[in-house]
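*Asks:*
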Amino acid sequence: MSEKDLILITFIIYGISTILYFLYSFKRKSLVGRLATVVLFIGLLFHTISLIIRSISAGHLPFSNMFESLSFLTWITVVAYLIIELIYKLKTAGGFVLLIILGLMAVISSPLIPKEISPLVPALQSHWLTLHVSVTLIGEAFLAIAFVTSILYLIQERKFRSGKKSRLSATPEELDNISYRCIAIGFSIFTLGALIFGMIWAYQAWGSYWSWDPKETWTLITWFIYALYLHTRIVMGWKGRRSAYIAILGFLSALFTYFGVNYLISGLHSYT
Amino acid sequence: MKKNFFRSFWKFFSSINLAIILIIVIVIVSIIGTLIPQQLPETEYIHKYGAFSKIIIFLNLNNLYHSFLFIFLITFFSLNIVVCTINRLIPSFKILSSSRIILNEEEKKNFPLKYEFKLKGDFKEKISKIIDVLKKHNYKLKSVEKGENIYFYAQKGILGRFGADIVHLSILLILIGGIIGGIKGYKEHVTILEGGTIKVPHENFYLRVDDFTTEYYPTGHVKDWKSTLTIIENGEEKITKTIEVNHPLTYKGVRFYQSSYGWDWRRALLTINVKERDSQNLVTRVKVRVGEKFSIPNKGLDIYAEAFVPDFVIGEGGQIFSRSNQPNNPAVLLEGRENNKIKFHIWIFAKFPDTHFSSQMDYKFELIDFEAPEYTGIQITKDPGVIFVWIGCTLVMLGLLSSFYIFHRRIWVSLKKSRDFTLVWIGGTSKKGRNQFEKEFKRIVDKLKQGE
Ligand code: HEM
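Line order of the protein sequences matches chains A and B.
Numbering follows the working numbering, with no gaps: position 36 of the first sequence is 797.
Numbering follows the working numbering, with no gaps: position 368 of the second sequence is 544.
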């Protein structure tokens, strides 16, 4: 099987799992729920194989271009979701997380993203770069889940307020708490990967750890938005809706740092 | 008066609302900085933004991150952090140093988690059991005896209480590192030909480039640039290392980075064919350096190689320049003189040998080869502040982990001896992580009650 086939198979299996998760959310049959998780695991397995094949044929870990890093981001988000599901028994968020996964898989499979293995330009041949990109993406995976649970919070909170019965099982309080937990994890890992490892790499490659390049600045902006989330929450006691809005804004900023800056603003980072 | 000023200063900077506003303003200003290209020549802003360029230049938005506005914001932010941290640290230390082991009834009432129960059996045994159970849960204990009674104070996870402060102070440390780097550090870019030696700017030693190579992938893409460098101090060779991108050389805190490469085209050696115009017969083949001349035998015609550009383009105003340093479209400007009178002045292109700009010539010139000495571009930096930045980064991570995952938990126990039983009072508090603490607290109480 070629790498392309594997990605396509992964895409299809994730799609099936999404349907099962939504079926579970609305019918709440525990068998369907279990099946959804099992199918997601199988999809993850195919995805893992595709990443391994990529790494072997490219001769480096899959972080050097948009296709590789997107594929890894999708993979690690599935992993992060499975961890959160295991800890918080939160199956109702599964379908919504998987919608994002399917969106990313669609982008990966589309002709917009070139899939050739490109030789590494000299600046990219660094272990710090590998650490920088991989750890950043792991952090973003948790922030992505907080993004989904925050949106779900807004939906659930509106339902609860209007007294309507919701078909989703998670209460707004649970969703709010899970968002916070995911941001605590995601923020720590993002700080290490995006800011600290990024600075170390820049120092090794260019001789200065910070140069206010647009991508660096946007990373800092994202970091500040999550700092805002933490402070309004811990010190000022904000919870619920306002927190959810900041969490959503933070992830949109992370997405813009990842995609937007490359396409709209140019800078040192424009080759990744 | 002075005191009043200080008090309002302190009050202003201890506000978390100020922190929130500052964070929002810094975010907005930073976004503006990514939308306006930074540090271009002023004319480009006038060209791009027209009337707005006046505002941009006045507010220094073209060099935003070093502008007065930005430095002002960062200063306020730093003061905010300092004042907030001091305001938080004082009560934290007070709690730690003055936590009493024996609580009065009033204090006992306020505990969110507390139990009171009787235990039968030997009093001494109960004491060792309590010590045992709390130690098993990793608590550190203090105890006092008072008459027949014994009191315990147990705590763990003190670091959790200081996590946020560690983060905040480390952010300051990173800023301080940045300031030290800005004041005491430098960043220079030099280009050196293979075999060349330069004096390192700001330092008392010399840098020699022994070797420079470019490695290619089989596809022709550049794989790496490598320069072998030797540091010479007081006439002695101190250290030799081959550097490449991502692997700089460090000597006495000065770092040497492989940063660019190129050819010194001003000293290019050109090979030119001279042919008769109509018959295309080769008259002569000459090698000439840029700036020098050659003659065509027996004709009294001198030809000067006036200039060479590796990547010829014509700008909007008709001016000629090199788009890059890469030999993408090499061209030489030849000037022919007969008895010191200029006869022609033409550009010859290596890639377009049939382009004729002048038909008044008897000859056709072809640029068939060109070579220039290669140089390596080395970035030389010194940043004495960087060590603070790395320490700060490490501490930020430690602080984040302590703040998010270590909870300061405290438990008080009193044992009162009665005739045939022991009266136990146990109460606990936790800063954050209430639910987990409740579970642990129940488990501890259950263990104490076990065997009754
Ligand atoms: C972008 C810069 C900042 C970062 C990254 C940061 C980081 C943090 C973190 C990680 C926490 C712990 C949050 C939690 O436990 O969930 C925290 C708490 C806190 N921060 Fe900041 N902070 C920043 C700026 C500030 C500033 C300028 C102030 C000044 C007012 C401040 C005041 C506080 C306070 C009062 C707490 C409460 C700690 C507690 O009660 O546990 N922070 N900060």
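Glycine included, every Cβ here is placed at the ideal spot set by N, Cα and C.
Over the uninterrupted alpha helix (DSSP H) stretch that includes B:Gln434, give me the two end residues.
*Replies:* Counting from one through the second sequence, the residue named residue 434 of chain B turns up at place 258. No alpha helix (DSSP H) contains B:Gln434, which is instead part of the beta strand (DSSP E) from 430-439.
*Asks:* Using the beta-carbon count (16 or more within 10 Å), is B:Arg431 buried or exposed?
*Replies:* Here the question's residue 431 of chain B lines up with position 255 in the second sequence. With 16 or more Cβ atoms within 10 Å of its Cβ, B:Arg431 is classed as buried.
*Asks:* Does any residue of chain B have a CB that is nearer than 8 Å to the CB of A:Leu904?
*Replies:* Start at 1 with the first residue of the first sequence, and residue 904 of chain A comes out as number 143. By this cut-off, A:Leu904 is not an interface position.
*Asks:* Could you check the C-alpha separation between A:Pro875 and B:Phe244 for me, to the nearest Å?
*Replies:* The sequence position of residue 875 of chain A within the first sequence is 114, counting from 1. The sequence position of residue 244 of chain B within the second sequence is 68, counting from 1. The alpha-carbon atoms of A:Pro875 and B:Phe244 are separated by roughly 43 Å.
*Asks:* Does the distance between the C-beta of B:Val565 and the nearest non-hydrogen atom of the ligand HEM fall short of 7 Å?
*Replies:* Reading the second sequence from its first residue, position 389 is the one you call residue 565 of chain B. No, since every heavy atom of the ligand HEM falls outside the 7 Å radius drawn around the Cβ of B:Val565.
*Asks:* Is B:His344 helix, strand or coil by DSSP?
*Replies:* As a working note, residue 344 of chain B is residue 168 in the second sequence. B:His344 falls in the helix class under three-state DSSP.
*Asks:* With a cut-off of 5 Å, give the chain-ordered residues whose Cβ is closer than this to any heavy atom of the ligand HEM.
*Replies:* Working through the chain, the matches are A:Ala988, A:Leu991, A:Ile995, A:Val996, B:Ile192, B:Ala195, B:Asn256, B:Ile257, B:Cys260, B:Ala340, B:Val343, B:Ser579.
*Asks:* So B:Asn325 and B:Ser590 are in contact, right, with Cβ under 8 Å, and what is the actual spacing, rounded?
*Replies:* Numbered from 1 along the second sequence, position 149 holds the residue referred to as residue 325 of chain B. Numbered from 1 along the second sequence, position 414 holds the residue referred to as residue 590 of chain B. With 8 Å as the limit, B:Asn325 and B:Ser590 qualify as a contact, their Cβ atoms being about 6 Å apart.
*Asks:* If I follow the unbroken beta strand (DSSP E) through B:Gly603, where does it start and stop?
*Replies:* Taking the second sequence and counting its residues from 1, the one referred to as residue 603 of chain B is at position 427. It spans 597-606 - the beta strand (DSSP E) in which B:Gly603 sits, taken as one unbroken run.
*Asks:* Looking at the structure shown, is B:Lys277 part of a helix, part of a strand, or coil, going by DSSP?
*Replies:* Within the second sequence, the letter at position 101 stands for residue 277 of chain B. Correcting the residue identity first, residue 277 of chain B is Ile in this sequence and not Lys. Correct three-state label for B:Ile277: coil.
*Asks:* Going by other Cβ atoms of all chains shown within 10 Å of its Cβ, with 16 needed for buried, is B:Glu616 buried or exposed?
*Replies:* Locating residue 616 of chain B in the second sequence gives position 440, where the first residue counts as 1. B:Glu616 is buried by the Cβ-count criterion.
*Asks:* Listed in chain order, which residues of the segment 829-854 of chain A have Cβ atoms closer than 8 Å to some Cβ of chain B?
*Replies:* none
*Asks:* Taking the alpha-carbon of B:Phe525 as reference, which of B:Ala507, B:His378, B:Gly604, B:Asn516 has the nearest alpha-carbon?
*Replies:* By 1-based counting over the second sequence, the position of residue 525 of chain B is 349. The candidate whose alpha carbon is nearest that of B:Phe525 is B:Ala507.
*Asks:* Helix or strand or just coil, what does DSSP make of A:Glu977?
*Replies:* Within the first sequence, residue 977 of chain A is the residue found at index 216, counting from 1. It is helical.
*Asks:* For B:Gln612, does the three-state DSSP call read helix, strand or coil?
*Replies:* Working through the second sequence from its first residue, we reach residue 612 of chain B at position 436. Three-state DSSP puts B:Gln612 in a helix.
*Asks:* Can you tell me which of the three DSSP states B:Asp387 falls into?
*Replies:* The residue given as residue 387 of chain B occupies position 211 in the second sequence. Looking at B:Asp387 - three-state DSSP - the assignment turns out to be strand.
*Asks:* Grouping DSSP H, G and I as helix and E and B as strand, with all else coil, what is B:His584?
*Replies:* In the second sequence, residue 584 of chain B corresponds to position 408, counting from 1. Of the three classes helix, strand and coil, the one that applies to B:His584 here is coil, per DSSP.
*Asks:* Can at least three beta-carbon pairs, one atom from the segment 878-895 of chain A and one from the segment 819-837 of chain A, be found at a separation below 8 Å?
*Replies:* yes
*Asks:* If you compare alpha carbons, which of A:Gly1001, A:Phe903, A:Val839 is closest to A:Thr771?
*Replies:* Start at 1 with the first residue of the first sequence, and residue 771 of chain A comes out as number 10. Nearest of A:Gly1001, A:Phe903, A:Val839 to A:Thr771, Cα basis: A:Val839.
*Asks:* Is there a C-beta anywhere in chain A that falls below 8 Å from the one on B:Gln502?
*Replies:* Stepping through the second sequence from its first residue, residue 502 of chain B is reached at position 326. Answer no: the Cβ-Cβ gap between B:Gln502 and chain A never drops below 8 Å.
*Asks:* Quick one: what's got a C-beta closer than 7 Å to B:Lys305's C-beta in the same chain, skipping five residues either side?
*Replies:* Walking along the second sequence from the start, residue 305 of chain B turns up at place 129. Within the same chain, B:Lys305 has close Cβ partners Leu624.
*Asks:* For A:Met827, which residues in chain B fall below 7 Å Cβ to Cβ?
*Replies:* The residue you call residue 827 of chain A lines up with position 66 of the first sequence. Chain B residues near A:Met827: none, gap ~18 Å exceeds 7 Å.
*Asks:* Mark A:Pro823 as exposed unless 16 or more other C-beta atoms lie within 10 angstroms of its C-beta, in which case mark it buried.
*Replies:* Counting from 1 along the first sequence, the entry for residue 823 of chain A is found at position 62. A:Pro823 comes out buried.
*Asks:* Just how far apart, CA to CA, sit B:Leu571 and B:Glu292?
*Replies:* Along the second sequence, one-based indexing puts residue 571 of chain B at 395. Along the second sequence, one-based indexing puts residue 292 of chain B at 116. Looking at the two C-alpha atoms, the distance is approximately 42 Å.
*Asks:* Quick one: grab the DSSP three-state call for B:Gln331.
*Replies:* Position 155 of the second sequence, counting from 1, holds the residue named residue 331 of chain B. Strand at B:Gln331.
*Asks:* Taking the CB atoms as reference points, tell me whether B:Ser403 and B:Thr557 lie closer together than 8 Å.
*Replies:* Counting from 1 along the second sequence, the entry for residue 403 of chain B is found at position 227. Counting from 1 along the second sequence, the entry for residue 557 of chain B is found at position 381. It is not a contact, given that the beta carbons lie outside the stated cut-off.
*Asks:* Taking the alpha-carbon positions, what's the B:Asp538 to B:Lys517 distance?
*Replies:* For the purposes of this step, residue 538 of chain B is taken as the residue at position 362 of the second sequence. For the purposes of this step, residue 517 of chain B is taken as the residue at position 341 of the second sequence. Cα to Cα, B:Asp538 sits roughly 16 Å from B:Lys517.
*Asks:* Does the beta carbon of A:Leu1013 come closer than 8 Å to any beta carbon on chain B?
*Replies:* For the purposes of this step, residue 1013 of chain A is taken as residue 252 along the first sequence, with counting starting at 1. It does not: the Cβ of A:Leu1013 has no partner Cβ on chain B nearer than 8 Å.
*Asks:* For A:Pro883, would you say it is in contact with chain B, using Cβ-to-Cβ distances shorter than 8 Å as the test?
*Replies:* In the first sequence, counting from the first residue as 1, residue 883 of chain A sits at position 122. It does; some Cβ of chain B falls within 8 Å.
*Asks:* Assuming B:Ala444 and B:Glu547 make a contact with CB atoms under 8 Å, what is their CB distance in whole Å?
*Replies:* Taking the second sequence and counting its residues from 1, the one referred to as residue 444 of chain B is at position 268. Taking the second sequence and counting its residues from 1, the one referred to as residue 547 of chain B is at position 371. Taking a contact as a CB-CB distance under 8 Å, the pair B:Ala444 and B:Glu547 counts as one, their CB atoms being some 7 Å apart.
*Asks:* Looking only at DSSP bridge pairs, what is B:His365 linked to?
*Replies:* Looking up residue 365 of chain B in the second sequence gives position 189. DSSP, once it has assigned bridges, lists B:Gln555 as partnering B:His365.
*Asks:* Please report the Cβ distance between A:Ser887 and B:Asn422, rounded to the nearest whole angstrom; I am assuming they are in contact, meaning their Cβ atoms lie under 8 Å.
*Replies:* In the first sequence, residue 887 of chain A corresponds to position 126, counting from 1. In the second sequence, residue 422 of chain B corresponds to position 246, counting from 1. Yes, they are in contact, since the Cβ atoms of A:Ser887 and B:Asn422 sit about 4 Å apart, within 8 Å.
*Asks:* Taking A:Ser949 as the reference, give the member of B:Leu265, B:Lys608, B:Ala340 with the closest Cα.
*Replies:* Stepping through the first sequence from its first residue, residue 949 of chain A is reached at position 188. It is B:Ala340 whose Cα lies nearest to the Cα of A:Ser949.
*Asks:* To the nearest angstrom, report how far apart A:Leu769 and B:Pro560 are at their CA atoms.
*Replies:* Translated into positions along the first sequence, residue 769 of chain A becomes position 8. Translated into positions along the second sequence, residue 560 of chain B becomes position 384. A:Leu769 and B:Pro560: Cα-Cα distance of roughly 52 Å.
*Asks:* Take B:Ile407 as the anchor and find which of B:Lys417, B:Gln434, B:Gly575 has the nearest alpha-carbon.
*Replies:* As a first step, residue 407 of chain B must be located in the second sequence, where it is residue number 231. Selected option, being the one with the closest Cα: B:Lys417.
*Asks:* Taking the C-alpha atoms as reference points, what is the distance between A:His1030 and A:Tyr1019?
*Replies:* Along the first sequence, one-based indexing puts residue 1030 of chain A at 269. Along the first sequence, one-based indexing puts residue 1019 of chain A at 258. Confidence at A:His1030 is low in this model, with a pLDDT of 49, below 50, so the placement of that residue should be treated as unreliable; the coordinate-derived value is given next. Computed Cα separation, rounded: 10 Å.
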